[in-house]
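Have a look at the structure below before the remarks.
Number of protein chains: 2
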Amino acid sequence: MGRWQPGARERLEQAALDLFLEQGFTETTVPQITARAGLTTRTFFRHFADKREVLFAGEELVPERVARLMAEAPPSLGPMELITEGLAPNAAKIFAGRSLDYLLRRRAVIDAEPALHERELRKFALMSKALEQGFRDRGVDDLTAQLAAEIAVTTFRIAVTRWLNQHGDPDLPATINQTLAAMRHLTNTSSA
Amino acid sequence: MGRWQPGARERLEQAALDLFLEQGFTETTVPQITARAGLTTRTFFRHFADKREVLFAGEELVPERVARLMAEAPPSLGPMELITEGLAPNAAKIFAGRSLDYLLRRRAVIDAEPALHERELRKFALMSKALEQGFRDRGVDDLTAQLAAEIAVTTFRIAVTRWLNQHGDPDLPATINQTLAAMRHLTNTSSA
DNA sequence: TCAGTAATGGCACGTCGTGTCATCACTATG
DNA sequence: CATAGTGATGACACGACGTGCCATTACTGA
Numbered sequence: 001m002g003r004w005q006p007g008a009r010e011r012l013e014q015a016a017l018d019l020f021l022e023q024g025f026t027e028t029t030v031p032q033i034t035a036r037a038g039l040t041t042r043t044f045f046r047h048f049a050d051k052r053e054v055l056f057a058g059e060e061l062v063p064e065r066v067a068r069l070m071a072e073a074p075p076s077l078g079p080m081e082l083i084t085e086g087l088a089p090n091a092a093k094i095f096a097g098r099s100l101d102y103l104l105r106r107r108a109v110i111d112a113e114p115a116l117h118e119r120e121l122r123k124f125a126l127m128s129k130a131l132e133q134g135f136r137d138r139g140v141d142d143l144t145a146q147l148a149a150e151i152a153v154t155t156f157r158i159a160v161t162r163w164l165n166q167h168g169d170p171d172l173p174a175t176i177n178q179t180l181a182a183m184r185h186l187t188n189t190s191s192a
Numbered sequence: 193m194g195r196w197q198p199g200a201r202e203r204l205e206q207a208a209l210d211l212f213l214e215q216g217f218t219e220t221t222v223p224q225i226t227a228r229a230g231l232t233t234r235t236f237f238r239h240f241a242d243k244r245e246v247l248f249a250g251e252e253l254v255p256e257r258v259a260r261l262m263a264e265a266p267p268s269l270g271p272m273e274l275i276t277e278g279l280a281p282n283a284a285k286i287f288a289g290r291s292l293d294y295l296l297r298r299r300a301v302i303d304a305e306p307a308l309h310e311r312e313l314r315k316f317a318l319m320s321k322a323l324e325q326g327f328r329d330r331g332v333d334d335l336t337a338q339l340a341a342e343i344a345v346t347t348f349r350i351a352v353t354r355w356l357n358q359h360g361d362p363d364l365p366a367t368i369n370q371t372l373a374a375m376r377h378l379t380n381t382s383s384a
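Just so you know, the sequences run in chain order A and B.
Oh and the first sequence: position 131 is 131 in my numbering, straight run, nothing missing.
In short: position in the second sequence from 1, add 192, done, that's my numbering.
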């Protein structure tokens, strides 16, 4: 691998996040980001497919990690059991290497820009697809696999939001288990 | 209101959908759409915020309709009861005036273009926000309101997908109730 | 020393989306 | 019938986004 100044990708991510916080996502141009990172515009688009993607780098390898974790789980576990037992202890791995401060700053930027929220929803959708395939590989029927995947991702997403809103006060696994408990309570209330 | 050739918005929607099917979303330019509709490029962006929005017009008034329906429901119903009893009979109203053929063609275009999938996810997120507020207005606590809203939207989304995949064979309310039954069965399986 | 590879720089280009002003069609009022 | 007002459209310029293409630079291995 060739080397100029190492860490071009990381410099671009840092410069972009800072500028987005300083002056907003729309008001920040790609040339501004690359200038701060000491690179050129063309290089930015070699590292990230588009301007939004600079905040979601590395998430493309989440699906395979999800698939591996699900394949390693005991085959006896049903889909809801797998979520209850596996979600909390493994969820934090997604944010490995990302500080709470970084996550909070990133959250502020995404919440301020609908276009970034769109991209985030797509990332969750990809995660859901990976979970769905994992459930199917465990012998779960299509509809149940899809529902279980959506429930897992929804629980994860809501728990992360609440966790960040509380500045990480109860840790993420605890928040996930609280959210799961509320989900069980809600869906177990009798109907009509 | 001034009038030239009436139905400019509808002509643009029709021309856009046709062109997206013929040559793809990315390959279709806005000038091509407006030329087929007998208008100019600038006029397109007066009717739709961006190129994607031409496939999602009119959905911005869904939230208020959702809020009204939820306010009219008996206050005694809990959130899960409201979903079970209210989702199926009211869900079809969202597609009022849209033929099954239109929905299928629209589905094909969206499925072929990730950028359009992103926009669709955002629309569902807005629907979820409206449902969440509706639950809170009925006295439901924040977390439960959020979970119930997500469950309702997820069920609706999965049911619509299945319904369209079967070319509308069982009608939408029946498909929704089947999906809801599967959801209840999944979440009621004991854990650990 | 020289060839090969990988990341970057530089440039042209099409498309998107917006700001601005002029123009056209219709309406209301006298 | 005349005239002013209103709302939709046309026309143009412009900045930003994102891509294709080729040259250049730095590192690697023979």
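Backbone N, C-alpha and C define an ideal beta-carbon position, used for all residues, glycine too.
Quick caveat, the model's predicted, so the values are computed rather than measured.
Between the CA atoms of residue j and residue i - distance to the nearest angstrom
i, j, result
"residue 96 (chain A)", "residue 61 (chain A)", "13 Å"
"residue 145 (chain A)", "residue 82 (chain A)", "12 Å"
"residue 37 (chain A)", "residue 124 (chain A)", "29 Å"
"residue 192 (chain A)", "residue 276 (chain B)", "Because the pLDDT of residue 192 (chain A) is 40, which lies under 50, any placement of that residue in the model is unreliable, and the number read from its coordinates should be weighed accordingly. Between residue 192 (chain A) and residue 276 (chain B), the C-alpha separation is close to 8 Å."
"residue 378 (chain B)", "residue 77 (chain A)", "13 Å"
"residue 369 (chain B)", "residue 346 (chain B)", "13 Å"
"residue 309 (chain B)", "residue 217 (chain B)", "12 Å"
"residue 267 (chain B)", "residue 157 (chain A)", "29 Å"
"residue 262 (chain B)", "residue 6 (chain A)", "56 Å"
"residue 188 (chain A)", "residue 220 (chain B)", "48 Å"
"residue 33 (chain A)", "residue 42 (chain A)", "12 Å"
"residue 286 (chain B)", "residue 35 (chain A)", "47 Å"
"residue 66 (chain A)", "residue 196 (chain B)", "56 Å"
"residue 113 (chain A)", "residue 46 (chain A)", "23 Å"
Selected residue, minimal CA-CA separation from residue i, among the options
i, options, result
"residue 86 (chain A)", "A:33, A:16 and A:134", "A:134"
"residue 271 (chain B)", "B:247, B:329 and B:198", "B:329"
"residue 30 (chain A)", "A:22, A:51 and A:67", "A:51"
"residue 10 (chain A)", "A:102, A:88 and A:120", "A:102"
"residue 40 (chain A)", "A:8, A:166 and A:116", "A:8"
"residue 151 (chain A)", "A:117, A:128 and A:67", "A:128"
"residue 179 (chain A)", "A:99, A:116, A:58 and A:88", "A:88"
"residue 249 (chain B)", "B:258, B:236 and B:357", "B:236"
"residue 53 (chain A)", "A:119, A:165 and A:181", "A:119"
"residue 290 (chain B)", "B:196, B:260, B:251 and B:357", "B:251"
"residue 167 (chain A)", "A:67, A:90 and A:100", "A:100"
"residue 107 (chain A)", "A:46, A:165 and A:47", "A:165"
Whole-number beta carbon distance between residue j and residue i, since they are thought to touch under 8 Å
i, j, result
"residue 12 (chain A)", "residue 109 (chain A)", "With a Cβ gap of about 15 Å, residue 12 (chain A) and residue 109 (chain A) do not count as contacting."
"residue 340 (chain B)", "residue 332 (chain B)", "7 Å"
"residue 255 (chain B)", "residue 335 (chain B)", "Their Cβ separation, rounded to whole angstroms, is 21 Å, which puts residue 255 (chain B) and residue 335 (chain B) out of contact at 8 Å."
Counted within 10 angstroms of its Cβ, other Cβ atoms place residue i as buried (16 or more) or exposed
i, result
"residue 19 (chain A)", "buried"
"residue 194 (chain B)", "In this predicted model, residue 194 (chain B) has a pLDDT of only 46, less than 50, meaning its place in the structure is not dependable enough to derive any value."
"residue 247 (chain B)", "buried"
"residue 264 (chain B)", "exposed"
"residue 375 (chain B)", "buried"
"residue 314 (chain B)", "buried"
"residue 207 (chain B)", "buried"
"residue 131 (chain A)", "buried"
"residue 362 (chain B)", "exposed"
Residues near residue i by beta carbon distance below 6 Å, same chain, minus five either side
i, result
"residue 355 (chain B)", "364 and 367"
Residues near residue i in its chain [Cβ-Cβ closer than 8 Å; skip 5 each side]
i, result
"residue 105 (chain A)", "17 and 21"
"residue 49 (chain A)", "none"
"residue 111 (chain A)", "117"
Proximal residues to residue i (C-beta, below 7 Å), its chain only, five neighbours per side dropped
i, result
"residue 284 (chain B)", "364 and 365"
"residue 90 (chain A)", "69"
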